[in-house]
Every structure is written in C-alpha cells, then in structure tokens.
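**Student:** Residue numbers (the UniProt record's numbering): 1 to 405.
We put the CB at the ideal spot given by N, CA and C, even for glycine.
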C-alpha cells in the first residue's frame, strides 16, 4: 500500500494560508513604510509573515511537483513497456497516492499480459505507428523456421515438469538471441520458432540479418546441447530453414483477438526448407533468393534443386556454411570451416556434372569433396549416384520432387 500524504484539499488550505500570510506581511510592511506607519514590531511581524508564507507555498508546491514528476517517469516507463519494477511511492497528496496505486495496478496487469504477447513486437508496432486493425500489406520478408530434431520422441520419454523446464530454458535463450539479431518472433509452434525480418520495422538488410541470426542461433544451440548434456538433459539439436520472398504481413484473426503474422506461400517454403535438412544431413538450408539477398559475407554450398509439395516452381537450395570473414572477435566462431571451403570447387564441379546427367564425371569429382562418413551431404549424393551405376535412367530430372511436407 502506498503511504498517503495529506489530501489535496489540505494542501490547498495550506496554500491559502500561506498566501494570506504573504498578504498580511505585505500590508504590514506597507504600513510600516508610511510616515505614520506602525512601529518596528509591525515591520518585524510583516517580514516574518512574508518569509513564512513564501516558505509554506514553496514547500507545498515542491511536494506536489516532486510527486507528479515521479508519476510522469512511471507513465513513460509504462509507455515503453518497461514493466520490471513496481511503481515507486509517489508521496505528495492523498489523491496523488491513489493515482500511484492505480498506476501500480496497471503496471502489474500489463506485466502479466506481456507474458502472452511479444513485448518486443508491440514496441516495434508502436514505433511504426501501426494501428490495431485487421488487415495487412504486401512486403518482401525473410522468414526463418527452427525445429528440434526428434522432439516428439524426447517428449514422450520425459516427465512433463522436467520437459517444461528444459524447453523453457531452450526457448528463452533462443528467443533472446534472435531478438538481439533484429528478428521479430512471429510465433511458437510446438518446439518450432518462426521469426521474420523486415516487419513490422523496416530492414533493408533483412536477408543478411536473417542469415547472421541463423548462424548465431546454430552456435547457441550447439553450446546448449553441450550444456544440457552436462546436466543430464537430452540434446536439443536444432535445424533451420530461411527463405526470402513476398508475403502479406499484418493483423489476422477477429476484432477482439488478433495475431501479427506473415501469410503466403513463401512462409510455407521457409518451413519446407527447415524440414529438408533431414534429407541432406544439414543444419541450415536457405533459398537462392536468400543467398542473393544476404550478400558476399557468407559461404554457401549448393545442395539441390527442389520442387516442394504445394509449389509450382523449383527452388535452388543452399547450405549456409558460415561467414566468409569475421569483422570482430565475437564472429570468429561463425567462420566457415576452412577445409570445407577448400573443397567447394570440387563440390561445385560434382553438382554441375550431376545436374547435367554426367554421373561418371560426377563420381570422380565427388571423391575430392570429402569423406562421406563425416559429411552427410557428400554421403547423400554418393548414394544417389550409386543407385544408377549406368547413368541416369530415362526421364530422369535433376529436380528433386518432394511429396511430403
């Protein structure tokens, strides 16, 4: 409970009294100043009245002003959705104390509400001046999906309370890392996270930021795997899919329950890319559009040309290997493996020969691409070529058609 001071009425009475003291003091001084004025005692009394009246008025005004300044700071914190600390006692008058209590209750309610609504998203929407109305706009986005390998099996074998502790620690760390790299968290879907760039806040480098975020998230989840194993928890191996394209982004739902999200075929393709990691033994797959948009600061390895289920046009898929250069020390762990980079010319030749249907030369080039026992992608192509020792069958196409999601 906030400690309440005197009521506003009491302070107003004090101000009136102080004003009266000032007036009486002024009259006494005026009288003393005339030729027939009062004796010295009246002069002293008048001066005292002036001093006391001024002091009383100043103290009352300062007390109210200080309390209101504290409440203004609290209101500004609430506007920024800075809800961590309770409202400080305002002091001042009883009415100001009541207002402080009401603001404290509002802050507590918003703190509870913000657990269910992404606070960072609300801040970005406020910064963009967005209205809480149904509808959206067409915008080019970069979308990332993450997913935990074998999570269903893990969940079935664990105590629910223990599973909740593990997933909470995992989601908290991953979410914080993505937010640090310009992402907007769209939603959580079971053990998956959907993040977007270039909405609601504009971001011209959204493809680059999406790729950097994926590399940082991969490094984070690999560290968490080690940490979880040390605690006796299961390793939550995470895979990522990133795609860049046009979508409609905005508020969907009903007038009393909306969700800010991105909708369109490109969102589904980003999800498909995440799932394709299982086929190739990779961890981060990106589309050709993302590769182009990300720029030259990254190392990519061509993976396949894929026609995903529900799509009409094949998409070239790449593995995001790492950074090509590290601008500072903290980026050093994200650098692409030098050995793999050295084998990329041979890999490019193998892929080119394979897509041309030249399986013999493709096998020759593949021998210089690394050990299949340690590189699942090399192993996947070695298995493809082994299926057709005499060359591609009739009607063969380099496009891989996916019949499942």
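Give me the residue from 210, 379, 204, 202 with the minimum Cα distance to residue 194.
**Tutor:** For the residues 210, 379, 204, 202, the minimum Cα distance to residue 194 belongs to 210.
**Student:** With a floor of 3 residues, list each beta strand (DSSP E) that falls wholly inside the UniProt domain "Guanylate cyclase" (142 to 274), ordered by position along the chain.
**Tutor:** Taking only runs of at least 3 residues, the beta strand (DSSP E) segments lying wholly in the UniProt domain "Guanylate cyclase" (142 to 274) are 184 to 189, 192 to 197, 238 to 254, 257 to 263.
**Student:** Are the beta-carbon atoms belonging to residue 242 and residue 305 less than 8 angstroms from one another?
**Tutor:** No, the Cβ-Cβ distance between residue 242 and residue 305 is not below 8 angstroms.
**Student:** Should the stretch 275 to 292 be called in touch with the stretch 358 to 372, which here means at least 3 C-beta pairs below 8 angstroms?
**Tutor:** No: fewer than three Cβ pairs fall under 8 angstroms.
**Student:** I need the straight-line Cα distance from residue 2 to residue 69, nearest angstrom please.
**Tutor:** Any reading at residue 2 needs caution, since the residue's pLDDT is 48, under 50, leaving its predicted position unreliable; the model's value is listed next. Roughly 16 angstroms between the two C-alpha positions.
**Student:** Measuring CA to CA, which of 183, 267, 333, 339 is closest to residue 308?
**Tutor:** If we check each option's Cα against that of residue 308, 267 comes out closest.
**Student:** Quick one: what's residue 304 bridged to in DSSP?
**Tutor:** Bridge partners of residue 304: 317.
**Student:** Give me the Cβ distance between residue 401 and residue 246, rounded to the nearest whole Å; I'm assuming they're in contact under 8 angstroms.
**Tutor:** In fact, because the Cβ distance is near 24 angstroms, the residues do not count as touching under 8 angstroms.
**Student:** Assign residue 299 to one of three DSSP states: helix, strand, or coil.
**Tutor:** Here residue 299 sits in strand by DSSP.
**Student:** Return helix, strand or coil for residue 353, following the three-state DSSP convention.
**Tutor:** Residue 353 falls in the helix class under three-state DSSP.
**Student:** Name the residue from 234, 162, 187 whose alpha carbon lies nearest to the alpha carbon of residue 259.
**Tutor:** Minimum Cα distance to residue 259 is reached at 187.
**Student:** Span of the beta strand (DSSP E) holding residue 470?
**Tutor:** Since the first and last residues shown for the chain are 1 and 405, residue 470 lies out of range.
**Student:** Helix, strand or coil for residue 391 per DSSP?
**Tutor:** Correct three-state label for residue 391: coil.
**Student:** Terminal residues of the continuous alpha helix (DSSP H) containing residue 285?
**Tutor:** Where residue 285 is concerned, there is no enclosing alpha helix (DSSP H), although the beta strand (DSSP E) it sits in stretches over 284 to 287.
**Student:** Where does residue 322 fall in DSSP's three states?
**Tutor:** Residue state, collapsed to three classes: strand.
**Student:** Taking residue 221 as the reference, which of 233, 238, 136 has the closest Cα?
**Tutor:** Ranking 233, 238, 136 by Cα distance to residue 221 puts 238 first.
**Student:** Along the alpha helix (DSSP H) that carries residue 376, what are the first and last residues, could you check?
**Tutor:** From DSSP, the alpha helix (DSSP H) with residue 376 extends over 376 to 386.
**Student:** For a test of the three-state rule: what should DSSP assign to residue 339, helix, strand or coil?
**Tutor:** Helix.
**Student:** Once the 5 residues before and after residue 27 are set aside, which same chain residues still bring their CB inside 6 angstroms of it?
**Tutor:** Low per-residue confidence applies at residue 27: pLDDT is 49, beneath 50, and the placement is therefore not dependable, though the value from the model is reported in the following sentence. Nothing meets the Cβ criterion.
**Student:** Can you have a look at residue 319 and say buried or exposed, based on whether 16 or more other CB atoms are within 10 angstroms of its CB?
**Tutor:** Buried is the call here.
**Student:** From residue 146 to residue 192, what distance separates their C-alpha atoms?
**Tutor:** Each residue's alpha carbon lies about 5 angstroms from the other.
**Student:** Tell me, to the nearest whole angstrom, how far the beta carbon of residue 136 is from that of residue 249; I am working on the premise that it is less than 8 angstroms.
**Tutor:** The Cβ separation is near 5 angstroms, so the contact holds.
**Student:** On the DSSP letters alone, give me the boundaries of the alpha helix (DSSP H) that residue 363 sits inside.
**Tutor:** From DSSP, the alpha helix (DSSP H) with residue 363 extends over 359 to 366.
**Student:** Answer yes or no: do residue 166 and residue 175 have a C-beta to C-beta separation smaller than 8 angstroms?
**Tutor:** Result no, Cβ atoms of residue 166 and residue 175 do not sit closer than 8 angstroms.
**Student:** Counting Cβ pairs closer than 8 angstroms, one from the stretch 148 to 159 and one from the stretch 199 to 214, do we hit at least three?
**Tutor:** Judged by Cβ distances under 8 angstroms, the stretch 148 to 159 makes no contact with the stretch 199 to 214, as fewer than three pairs qualify.
**Student:** I need the DSSP call for residue 44, collapsed to helix, strand or coil.
**Tutor:** Residue placement at residue 44 cannot be trusted, given a pLDDT of 49 that sits under 50; the coordinates are not used to answer.
**Student:** Can you tell me which of 342, 269, 351, 294 puts its alpha carbon nearest to the alpha carbon of residue 314?
**Tutor:** Ranking 342, 269, 351, 294 by Cα distance to residue 314 puts 269 first.
**Student:** Under 8 angstroms, do residue 348 and residue 207 count as touching if we go by C-beta distance?
**Tutor:** No. Outside cutoff.
**Student:** Could you work out which residue in 388, 365, 390 is closest to residue 378 when comparing CA atoms only?
**Tutor:** Here the closest residue by C-alpha is 365.
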